[in-house]
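As structure tokens, the structure follows; a few thoughts come after it.
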Amino acid sequence: IALVVGRDHAAALSSGTGAMHLALQYLGVGPGDYVFSPSLTFAATCNPILYVGATPVFIDSEPLTWNMSPKALEKAFETYPHPKAVMTVNLYGQSSLMDEILAICEAHNVPLLEDAAESLGTTYKGKPSGSFGYMSILSFNGNKIITTSGGGMLVSNDEEAINKTRFLATQAREKERWYEHKEVGFNYRMSSVCAAIGRGQLTVLSDRVEKKRAIFKMYKEGFKELEFIHMQPMHKDNVSNCWLSTMIFDGVDPIKVMEHLEQDNIESRPIWKPMHLQPLYKSAPFVSELDTGSTAENIFATGICLPSDTKMTEEEQQRVIDSVHAFFK
309 IALVVGRDHA AALSSGTGAM HLALQYLGVG PGDYVFSPSL TFAATCNPIL YVGATPVFID
369 SEPLTWNMSP KALEKAFETY PHPKAVMTVN LYGQSSLMDE ILAICEAHNV PLLEDAAESL
429 GTTYKGKPSG SFGYMSILSF NGNKIITTSG GGMLVSNDEE AINKTRFLAT QAREKERWYE
489 HKEVGFNYRM SSVCAAIGRG QLTVLSDRVE KKRAIFKMYK EGFKELEFIH MQPMHKDNVS
549 NCWLSTMIFD GVDPIKVMEH LEQDNIESRP IWKPMHLQPL YKSAPFVSEL DTGSTAENIF
609 ATGICLPSDT KMTEEEQQRV IDSVHAFFK
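Residue numbering for the sequence shown follows the working numbering, starting at 309 and increasing by one per position.
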């Protein structure tokens, strides 16, 4: 995996969530610290902030990729000038605007953690997703582009950081003949069986990415005549793995579309509900890129995720497209 994403070192772990937890642990994040995170993401991105007792500051999205807004990130630094880390997420396989985000983080001397759980196989300006920032996390959960049944990885060019991560992931056992422990460790190692599955899955990574992109392309072609449907934008600097095909509607309640698809026995899902709207995080700060409302809220309120399984046939996908068309007749 380190070779695939262009990193020097990698630690195989039991989950992407565990990888993010250990990254924060290594950086010394704790009570009283702020960590910036995009709001439009899955809870696994930011829950580790609570694990270490820190406070998340949620950052709005921008419309070009649906990922962390550099404009909102700059605003966050004005209000919360000394965060311990910044996390960015590559939503649904689309890379964040890495150059702008990295420049902001470097200007403030704050490490960037890239959550590439959804974007293995994606490139940004020709560089692979997972190669940006101080550390990147990957996920091999059952729904990801490749899977180890359950698993994750932390990758970095810092050998010391990865060695320390491995140490913490295996209960922080010291190199003694007996079981010696000087600090709290965790049970985050990846099993040998899961690692073997992952090695096998790596052989089909390029095929999976190609299939995901073909699925997205077929949806985009199938909906091109419906002017009120917009697929997730593909930024000019990105070549997305198209992990999930998603779209937003103009003036249409996405729940109604989902209910219609359910009647045709077709599963769809909402866009991630922004973290600043979640009951768990209702007291956490949120920084919008807009004067009123937020881009993240707008995407959530108008979007759905379409069936995107690589085992789906063209005939099955055409049935999804036909069902959406039927809803608007």
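Every residue, glycine too, gets a C-beta built ideally from N, C-alpha and C.
- Straight-line measurement puts the Cα of S548 at about 5 Å from the Cα of Q402.
- For V312, the closest alpha carbon among the candidates A592, V397, A384, T430 is that of T430.
- Sequence-distant Cβ neighbours of Y400 in its own chain, meaning closer than 7 Å and more than five residues away, are E426, Q540, W551, L552, T554.
- For D466, no alpha helix (DSSP H) encloses it, and the DSSP letter there is neither H nor E.
- Sequence-distant Cβ neighbours of I357 in its own chain, meaning closer than 6 Å and more than five residues away, are V343, P364.
- Excluding its 5 nearest sequence neighbours in each direction, A310 has C-beta neighbours in its own chain below 8 Å: D316, H317, A318, V463, listed in chain order.
- Bounds of the alpha helix (DSSP H) holding E408 are 406-415.
- Inter-residue distance for C502 and A352 is about 20 Å (C-alpha atoms, whole angstroms).
- The region 452-520 is shown to contain whole alpha helix (DSSP H) runs of 4 or more residues at 467-477, 500-510, in chain order.
- Per DSSP, reduced to three states, the secondary structure at S631 is helical.
- C-alpha of N495 to C-alpha of L446: approximately 18 Å in a straight line.
- Within a 10 Å sphere around the beta-carbon of I454 sit 16 or more other beta-carbons, which makes this residue buried.
- Assignment of C354 by DSSP, reduced to helix, strand and coil, places it in the helix class.
- According to the DSSP assignment, L399 belongs to no beta strand (DSSP E), since it is labelled neither H nor E.
- Where Y342 is concerned, the enclosing beta strand (DSSP E) starts and stops at 342-346.
- Under the DSSP assignment, L446 falls in the beta strand (DSSP E) whose first and last residues are 443-447.
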